[in-house]
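A short worksheet on the structure shown next.
Numbering (the working numbering), first residue to last: 57 to 421.
Here it is in structure tokens:
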């Protein structure tokens, strides 16, 4: 396996004091109930007690019969079931979407591993842009990746040949670059999900320092206060989208990992051969009001090989000049890529919402 290599030191930026705002009592009661419900469901899943979990949608046994049954009662039960399912889903979304937006740290669990990242409220006012906070689109993307990487209950390892795989994709053993990674949440998540190498990048030096702090904290200890043991490697680097020399610097990290004794992922790597990342992650970066789309597309093009897959999460926000979704699609298609929008039913049941899309981008064959 690969040993953990410390990332280049970057200048630490002073962080403002954490918020002292207290949650509203009603919100506290809601979140407590939400936690208890999730904990109960998790215990049942861990105990393989599938029969005790409600089906989706839930049906009422005394109102539905074979061969017709009581039609009026069946229809009423169906409507009630759909209404209850919709209310439950809204409740679950409210339970995570803005819950930790005012907190100095954002906790998350992925692949059975819990960790938290520090975030800075009002980062825009501190000269850090929007990357110093965890945004809902990053959670949606991370939970989608977790859904793709089906875990085994015994070892927490992700099986690339699992028949129950959603979409037949897994991060295990792959090289990943995270563009506009902000706090580093999705980068740490990809490491947990089995990536061989993850390069966490951002264009703001202050945000890079924050991501480095979060990565160091993750490596330093787990929930038991012990050092984490990961076979993958995670490095943090500053990167300006679409600058060819900087793109080459990122790609060199793939060869650096092999020079340090890592596996080549089943292919021989010559020093004169251009390498590319297996996976590119982009979370909530298609935001033309703040960041031009063209350099991002250029970066995807420079870092993508023929087999590279890019996963983007996009939260829709009004932009008066054009629809950012159409503009991004137009630009990547001109570069020879195809874009597929992942339907909601293929995403995580809880961590998916109508106004946040996930796109899968691949080179056209």
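Where a beta carbon is used, it is the ideal one built from N, C-alpha and C, also for glycine. This structure is a prediction, so every number in the text was calculated from the model and none was measured.
Hey, residue i and residue j: beta-carbon distance below 9 Å or not?
i	j	result
residue 395	residue 384	yes
residue 271	residue 255	no
residue 373	residue 393	no
residue 406	residue 151	yes
residue 245	residue 201	yes
Using the DSSP secondary-structure output, state which residues sit across from residue i in a beta bridge.
i	result
residue 416	367 and 396
residue 256	234 and 292
residue 337	234 and 367
residue 388	The partner list for residue 388 (beta bridge, DSSP) is empty, contrary to what the question assumes.
residue 149	Answer by DSSP bridge pairing: none, since residue 149 is not bridged.
residue 171	164
residue 360	333
Among the options, which residue has its Cα nearest to the Cα of residue i?
i	options	result
residue 242	183, 158, 305 and 337	337
residue 149	409, 418 and 248	409
residue 400	164, 176, 389 and 369	369
residue 153	197, 391 and 263	197
residue 275	386, 173, 225 and 301	173
residue 333	350, 348, 365 and 349	365
residue 248	289, 262 and 350	289
residue 359	391, 347 and 382	391
residue 158	170, 178, 252 and 259	178
residue 377	348, 402, 362 and 363	348
residue 183	381, 253, 418 and 260	260
residue 367	195, 166 and 156	195
residue 304	268, 361, 287 and 240	361
residue 240	302, 156, 287 and 339	339
For the putative contact between residue i and residue j, defined by C-beta atoms under 8 Å, what is the C-beta separation to the nearest angstrom?
i	j	result
residue 266	residue 412	In fact, because the Cβ distance is near 23 Å, the residues do not count as touching under 8 Å.
residue 199	residue 404	4 Å
residue 170	residue 163	7 Å
residue 226	residue 250	7 Å
residue 192	residue 371	7 Å
residue 331	residue 307	5 Å
residue 253	residue 231	5 Å
Quick check on residue i - is its C-beta less than 9 Å from some C-beta in chain C?
i	result
residue 292	No chain C is part of this structure, which consists of one protein chain only.
Cβ contact check for the segment 301-312 and the segment 338-345: 3 or more pairs under 8 Å: Using a Cβ-Cβ distance cut-off of 8 Å, the segment 301-312 and the segment 338-345 are not in contact, since fewer than three pairs of beta carbons, one from each stretch, lie closer than that value.
When you compare the segment 179-192 with the segment 351-362, are there three or more beta-carbon pairs, one atom per stretch, that lie closer than 8 Å? They do not touch, by the three-pair rule.
Using 8 Å as the Cβ pair cut-off and three pairs as the minimum, do the segment 290-300 and the segment 234-253 touch? A contact exists between the segment 290-300 and the segment 234-253.
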